[in-house]
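K.L.:
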Amino acid sequence: MVAEEKGVYIYANVLDLNQDGKADMISFVDPKGRGIAVAVDRYHDGTMDHIHVFQDVTGDGKLDIEDTKLIHREAAKLFKQTDLAEGQIELFIEDAGYG
Numbered sequence: 251m252v253a254e255e256k257g258v259y260i261y262a263n264v265l266d267l268n269q270d271g272k273a274d275m276i277s278f279v280d281p282k283g284r285g286i287a288v289a290v291d292r293y294h295d296g297t298m299d300h301i302h303v304f305q306d307v308t309g310d311g312k313l314d315i316e317d318t319k320l321i322h323r324e325a326a327k328l329f330k331q332t333d334l335a336e337g338q339i340e341l342f343i344e345d346a347g348y349g
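Each number in the numbering used here comes from the position in the sequence shown (counting from 1) with 250 added on.
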């Protein structure tokens, strides 16, 4: 019997919208390019303060608070990086799944 692999790839697109050298927005997409979520630092203070989640990423078939928690956790990790620059980052999230 083969153990089922857990986890999925998610791509984080880091944007510096006001060109101040700090990330203001991270959009998350699945490997097919479909939107998963967007996390925003509206006040440009290095702290994510707004999230919209568009797709189930916990694999339970529901779009709920658990999806928001997972995206919040991953976005917070990225926003904390002092060397975060614009571009796309490939993430493998072990406790995620597409529903």
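For glycine and all other residues, C-beta sits at the position ideal for the given N, C-alpha and C.
Every value quoted in this text rests on a predicted model; they were computed, and no experiment measured them.
So leucine 265 is in the beta strand (DSSP E); what residue range does that whole segment cover?
P.N.:
Translated into positions along the sequence shown, residue 265 becomes position 15. Note, leucine 265: beta strand (DSSP E), 258-265.
K.L.:
Would you mind stating whether threonine 260 and aspartate 291 have Cβ atoms separated by less than 8 Å?
P.N.:
Along the sequence shown, one-based indexing puts residue 260 at 10. Along the sequence shown, one-based indexing puts residue 291 at 41. Checking the sequence, you will find isoleucine at residue 260 rather than threonine. No, they are not a contact pair.
K.L.:
So is phenylalanine 329 buried or exposed if we call it buried at 16+ other beta carbons inside 10 Å?
P.N.:
Counting from one through the sequence shown, the residue named residue 329 turns up at place 79. The residue in question, phenylalanine 329, is buried, as its Cβ has 16 or more Cβ neighbours within 10 Å.
K.L.:
Considering just the uninterrupted stretch of the beta strand (DSSP E) at histidine 302, what are its terminal residues?
P.N.:
As a position in the sequence shown, residue 302 is number 52, starting the count at 1. Where histidine 302 is concerned, the enclosing beta strand (DSSP E) stretches over 300-303.
K.L.:
Hey, which unbroken runs of the beta strand (DSSP E) at 3 residues or more fall wholly within the segment 267-321?
P.N.:
You should have 275-279, 285-290 and 300-303.
K.L.:
For the beta strand (DSSP E) containing glutamine 338, list its first residue and its last residue.
P.N.:
Taking the sequence shown and counting its residues from 1, the one referred to as residue 338 is at position 88. Per DSSP, glutamine 338 belongs to the beta strand (DSSP E) from 337-343.
K.L.:
List the DSSP bridge partners of glycine 349.
P.N.:
Stepping through the sequence shown from its first residue, residue 349 is reached at position 99. Beta-bridge pairing links glycine 349 to no other residue.
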